[in-house]
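All residue numbers for the sequence shown refer to the working numbering, where the first residue is 93 and numbers rise by one. From the three backbone atoms N, C-alpha and C, an ideal C-beta is built for every residue, glycine too. Being a predicted model, the structure only gives us computed values, none of them experimental. Below: the structure, in structure tokens.
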Amino acid sequence: MAQTPAPYRIKAKWLETCNCDSGCNCNFGGFPDHGSCEALIGLFVDEGKIGDVDLSGMKAVLAIKWPKAIHEGNGAAAIFIDESASEDQVGGLATILTGQAGGMPWEILAATLTSL
Numbered sequence: 093m094a095q096t097p098a099p100y101r102i103k104a105k106w107l108e109t110c111n112c113d114s115g116c117n118c119n120f121g122g123f124p125d126h127g128s129c130e131a132l133i134g135l136f137v138d139e140g141k142i143g144d145v146d147l148s149g150m151k152a153v154l155a156i157k158w159p160k161a162i163h164e165g166n167g168a169a170a171i172f173i174d175e176s177a178s179e180d181q182v183g184g185l186a187t188i189l190t191g192q193a194g195g196m197p198w199e200i201l202a203a204t205l206t207s208l
């Protein structure tokens, strides 16, 4: 039986950019300007915990590419986590960012990915 992820809470700064001309059409149910969607999401955790693991000060970047609009799925992503993070911090942050811990927006974002 799968283990239930520990509860988490994060307060973070977030920067998102994509290859659309202005803004992200996909965030509003639209379609990308250039056929596919390529995005980077940068995250700095001001305060955070998953279970007993402190995530404060952690940094991460998600690089994601979808062949069409985000909501059409089949995306591929890579997660880059701060090299100063402990193994527990990497595991905790990865659990959150891959949607395994539930919660928005990570849970819905993970549903659009087929490879990580």
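Test item: CB-CB of residue i and residue j under 9 Å
i: A168; j: L205; result: yes
i: P99; j: A193; result: yes
i: L208; j: I173; result: no
i: E139; j: S128; result: no
Residue from the options with nearest C-alpha to residue i
i: P97; options: P197, S128, H126 and A186; result: A186
i: K141; options: I188, C118, W158 and A131; result: I188
i: A161; options: D113, N119 and S207; result: N119
i: S178; options: H163, D146, A170 and E164; result: D146
i: L211; options: H126, D144 and I133; result: Examination of residue 211 is not possible in this model, given that the chain is present from 93 through 208 alone.
i: N111; options: E139, P197, G143 and A155; result: A155
i: E130; options: G122, G143 and K157; result: K157
i: C116; options: D144, H163, M196 and A104; result: H163
i: G143; options: D180, P197 and G195; result: D180
Nearest-angstrom beta carbon gap, residue j and residue i [assumed within contact, 8 Å]
i: I218; j: V137; result: Any property of residue 218 remains undetermined from this structure, which presents the chain solely from 93 to 208.
Limits of the unbroken alpha helix (DSSP H) element including residue i
i: A202; result: W198 to A202
Residue burial classification, residue i (beta-carbon count within 10 angstroms, cutoff 16)
i: W106; result: exposed
i: G191; result: buried
i: A203; result: exposed
i: G184; result: buried
i: M150; result: buried
i: S176; result: exposed
Span of the beta strand (DSSP E) around residue i
i: E164; result: Segment: none, E164 is in no beta strand (DSSP E) and carries neither H nor E.
i: E108; result: Y100 to C110
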